[in-house]
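As given, the protein sequences belong to chains A and B, one line each in that order.
Under my numbering, the first residue of the first sequence carries the number 1, and numbering increases by one thereafter.
Under my numbering, the first residue of the second sequence carries the number 1, and numbering increases by one thereafter.
All C-beta atoms in this analysis are idealised placements derived from N, C-alpha and C, irrespective of residue type, glycine included.
Structure, as structure tokens:
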Amino acid sequence: MSKTVALKIKRQDSADSPPRWEEFDVPWEEHLNVHAALMAVQRNPVTKSGQKVAPVVWDANCLEEVCGSCTMNINGRVRQACSAMVDSLEQPVEIRPMTKYPLIRDLAVDRTRIFNDFKRVHAWIDIDGTHALGPGPKYSPELAQTRYELSQCMACGCCMEACPNYGPQSSFIGAAPISQARLFNLHPSGAMHCDERLEALMDDGGVGGCGNAQNCVQVCPKEIPLTTSLAEEMRETQKHALALLFKR
Amino acid sequence: MAPATSTKSKYILRKLFELTGFLPVGGFLLEHLYSNFQAVGPGGAERFDKVVTDLQTNPLIIFLEIGVIGLPLLYHGFYGMFVATMASRPNTGGYGYLRNWTYLFQRVTGAILLFYIGYHVWNTRLVPVLHPDTPLLQSNGGEHYVSSQYMHEYFHAAHFGIQVLWIYLIGIACAVYHFANGLWNIGIHWGLTIGPKAQQVSGLVCGALGATLLAIGYASLFAFYNMGS
Ligand code: SF4
Ligand code: SF4
Ligand code: FES
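Given below as structure tokens:
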């Protein structure tokens, strides 16, 4: 008998239908990742006990850990299915959807909240105008390096899923949007909207919502220095608040 | 773009929470541990009784107790309950990192302290005022305060089926932990310790401070407990 991989998947037909667990055995292949294992289930959606079921639903896009869409809980830890190599995982591989976002079906969740929170902190640079704006300002290679690290965020939500202060019960926006505020405030053109970002971070759900559990920095697949970003933005918001207080 | 006033006022409420934990409440914890430590060593009973009388006959004491200790403490406690509502179910099972545990303990000790401090204030501050005929109190000009004898008996008594000594062993540990770990958190929230290295060092410093304060608190506790034996 050829080698197989055991999967245990938490399934749910819709947000308000009851969850259930289903087990599958899929053929082992060299360099098999969880995404490919889920594709094998899709090709042959028959459970371990021989029952034919609806194929498992999940999100995926880039298949190289840069889009973040395949984020899910694998063996109790939030990560990307496309970069989770089956050979490095204990079996049966237990797969659950993310818990902090509204469920769509099976492993697919609605992460709109992340994008709304990115908008809330003005996570972009305004360069549109009716006339040529000329070349952008120059900045140092060191700053470029710092910004490069932060710019790798793919809004996957790992840092939020692992954060004990984030979830439907809390207004906290989580580490990624706060780190993005820092990314754009560090840019000389982006800094023109610095106050707007800082004031978003001072509002309900901003930096005050962080409880320093620091899971975010542990789970970020891009190894973004999130706790440094958090502390930097705590300092910047405080400076801004003191300026508001004493300069008026 | 003018920010909404509510943004600023919410931010100020949060900063006030951090500040009250640090200065009035944290500062008082230090003073309190210091005063109680007077009970340690030969002559401790008399020294402690005198410290209590000196503090309680201070003409400013009622303003200090209400304005500098009571109100900030209540504020910190109430805001802390709001902070606790942000937390999801503990996830230390899947993410058993040190900082996730210290985060969880900060909330657990905070919740315990709400009860412990209420209990402690009742028995050592309000009972002498409301029930001045309680035995072993010391008095001065018609006012009644606790004495080292009172504390001695108290720690040997049992409340809620638990020996009071144990209630204090737990309460003191929670208070000291909440303060020391709170300091570590404040270092980050006030933008003082930003990088991982700085936060590691401040973690060690706060840990050492917490251990020292715990030793001081326990030494005083056992000084009362073993008094006269
Ligand atoms: S430090 Fe902790 S509380 Fe703050 S964002 Fe990270 S995981 Fe959440
Ligand atoms: S900061 Fe890291 S973990 Fe968080 S959303 Fe971005 S890439 Fe994902
Ligand atoms: S599919 Fe893009 S990160 Fe996995």
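DSSP on B:TRP122, reduced to helix/strand/coil?
helix
Determine whether the beta carbon atoms of B:HIS152 and B:GLY228 lie at a separation below 8 Å.
yes
Just to confirm before moving on: does the CB-CB distance between A:SER189 and A:GLY136 stay below 8 Å?
yes
Under 8 Å Cβ to Cβ from A:VAL57, same chain only, skipping five residues before and after it: list those, please.
ILE104, ARG105, ASP106, LEU107, ALA108
Is the distance from the Cβ of A:ALA175 to the Cβ of A:ILE114 below 8 Å?
no
Can you find a CB in chain A that lies within less than 8 Å of the CB of B:SER88?
yes
Using the C-alpha atoms, what's the distance from A:PRO164 back to A:THR99?
12 Å
Is A:THR227 close to chain B? Criterion is C-beta to C-beta, closer than 8 Å.
Yes - at least one Cβ of chain B is within 8 Å of the one on A:THR227.
Hey, would you say A:ARG228 sits closer than 8 Å to A:GLN214, going by beta carbons?
Here residue 228 of chain A is Thr; the residue named in the question, Arg, does not match the sequence. No, the pair does not count as a contact, with Cβ atoms beyond the cut-off.
In chain A, what lies closer than 7 Å to B:LYS197 by C-beta?
Ordered by position in chain A, no residue passes the 7 Å Cβ test against B:LYS197, which lies about 10 Å from the chain.
Heavy atom of ligand 3 within 7 Å of A:GLY284 beta-carbon:
There is simply no residue 284 of chain A to check, as chain A begins at 1 and stops at 248 in what is shown.
Contact list for B:TYR11 against chain A, beta-carbon separation under 8 Å
MET202, ASP203, GLY206, GLY208, THR237, ALA241
Among A:MET85, A:SER49, A:GLN145, which has the Cα closest to the Cα of A:LEU63?
Answer by Cα proximity: A:MET85.
To test your reading of the DSSP string, which unbroken alpha helix (DSSP H) runs of 4 or more residues are found completely within the region 122 to 157 of chain A?
141 to 151
If you reduce the DSSP assignment to three classes, tell me which class A:TRP28 lands in.
DSSP places A:TRP28 in coil when its eight states are reduced to three.
Between which residues of its own chain and A:ASP128 is the CB-CB distance below 8 Å, once the five residues before and five after are set aside?
none
Same chain, Cβ closer than 8 Å to A:ALA6, neighbours up to 5 away in sequence not counted:
GLU23, PHE24, ASP25, LYS48, GLN91, PRO92, VAL93
At least one CB of chain B closer than 8 Å to the CB of A:LEU244: is that the case?
yes
Ordered along the chain, which non-local residues of its own chain (more than five positions away) have a Cβ less than 7 Å from that of B:VAL127?
THR134
Endpoints, alpha helix (DSSP H) assigned at B:TYR150:
148 to 156
Residue from A:PRO168, A:ALA155, A:CYS67 whose Cα sits closest to the Cα of A:CYS216
Checking every option, the nearest Cα to that of A:CYS216 belongs to A:ALA155.
Compare the C-beta of B:ARG47 with all C-beta atoms of chain A and state if any pair is closer than 8 Å.
no
A:ILE173 (DSSP reduced to helix, strand or coil)
coil
Should A:ALA60 be listed as close to ligand 3, given that the test is whether its C-beta is under 7 Å from any heavy atom?
yes
Beta carbon of A:LEU230, beta carbon of A:ILE178: below 8 Å?
Yes.
If we call anything under 8 Å between Cβ atoms a contact, is B:SER35 one with A:GLY167?
no
Classify B:ALA2: buried if its beta carbon has 16 or more other beta carbons within 10 angstroms, exposed otherwise.
With a pLDDT of only 44 at B:ALA2, under the threshold of 50, the placement of this residue in the model should not be trusted; the figure read from the coordinates follows. Looking at its Cβ environment, which holds fewer than 16 other Cβ atoms inside 10 Å, B:ALA2 is exposed.
Min CB distance A:GLN169 to chain B below 8 Å:
yes
Would you give the residue range spanned by the beta strand (DSSP E) that A:LEU7 belongs to?
Counting along the chain, the beta strand (DSSP E) containing A:LEU7 begins and ends at 4 to 11.
So with CB distances below 8 Å, who are the chain A contacts of B:LYS50?
Within chain A, no residue comes near B:LYS50; the closest Cβ sits about 42 Å away, beyond 8 Å.
For A:ASP87 versus A:HIS193, is the C-beta spacing smaller than 8 Å?
no
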